[in-house]
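*Asks:*
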Amino acid sequence: MKKAKPHLFSPKADGEWLKNLQESLPSIQERQREFLASLPDPLLPPWKQYPDLPAGSMGWKMGAGEDYVMHFMRWFADLPKARQVEYVSENPPPKHWYWIYDRSSLA
1 MKKAKPHLFS PKADGEWLKN LQESLPSIQE RQREFLASLP DPLLPPWKQY PDLPAGSMGW
61 KMGAGEDYVM HFMRWFADLP KARQVEYVSE NPPPKHWYWI YDRSSLA
């Protein structure tokens with residue numbers, strides 16, 4: 001009977017996965033830089049960036065929606081407090097998006 005190959009992340013794995021990851025990292029980082037450079041400044045709130053994605057849908061939990069929300073929250077948290085207040089008044093959240101500014105550290 002043929003022995004099953006250990007899972008890539010198993011302690012018994014041959015380490016090939018780590019080598020592949022290390023080789024892939026520069027291109028992953030480059031794609032990330034390109035994505036960030038393509039975003040507008042100031043960022044649109046998520047519900048305006050992806051108006052066809054309903055709040056709470058899977059599109060916000062994986063893929064482009066998830067990436068955008070994570071970047072938006074980081075970007076918003078880095079704004080000066082006065083600019084955060086101004087941004088919120090210019091972009092009040094719809095009913096199901098009230099949490100976005102709180103989680104981004106609006107005090």
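For the sequence shown, the residue numbers in the working numbering are 1 to 107. C-beta: ideal position from N, C-alpha, C; glycine also.
(1) Could you give the DSSP three-state label for alanine 55: helix, strand or coil?
(2) Is the segment 84-94 touching the segment 28-35 in the sense that three or more CB pairs, one from each, lie closer than 8 angstroms?
(3) Report the rounded CA-to-CA distance for valine 85 versus glutamate 16, giving the unit in angstroms.
(4) Using CA coordinates, which residue listed in Leu39, Val69 and Trp99 is at the minimum distance from leucine 53?
(5) Rounded C-beta distance between leucine 43 and tryptophan 75? I'm assuming under 8 angstroms.
(6) Express the C-alpha separation of methionine 73 and arginine 103 in angstroms, rounding to a whole number.
*Replies:* Quick look at the numbers:
(1) As a first step, residue 55 is located in the sequence shown; it is residue number 55 there, counting from the start. Alanine 55 sits in coil when the DSSP states are folded into three classes, being neither helix nor strand.
(2) The answer is no - the segment 84-94 does not touch the segment 28-35, with fewer than three Cβ pairs under 8 angstroms.
(3) In the sequence shown, counting from the first residue as 1, residue 85 sits at position 85. In the sequence shown, counting from the first residue as 1, residue 16 sits at position 16. In this model, valine 85 and glutamate 16 are separated by some 49 angstroms (Cα to Cα).
(4) Working through the sequence shown from its first residue, we reach residue 53 at position 53. The option with the nearest alpha carbon to leucine 53 is Val69.
(5) As a working note, residue 43 is residue 43 in the sequence shown. As a working note, residue 75 is residue 75 in the sequence shown. Correct: roughly 5 angstroms between the Cβ atoms.
(6) Here the question's residue 103 lines up with position 103 in the sequence shown. Here the question's residue 73 lines up with position 73 in the sequence shown. Approximately 7 angstroms between the Cα atoms of the pair.
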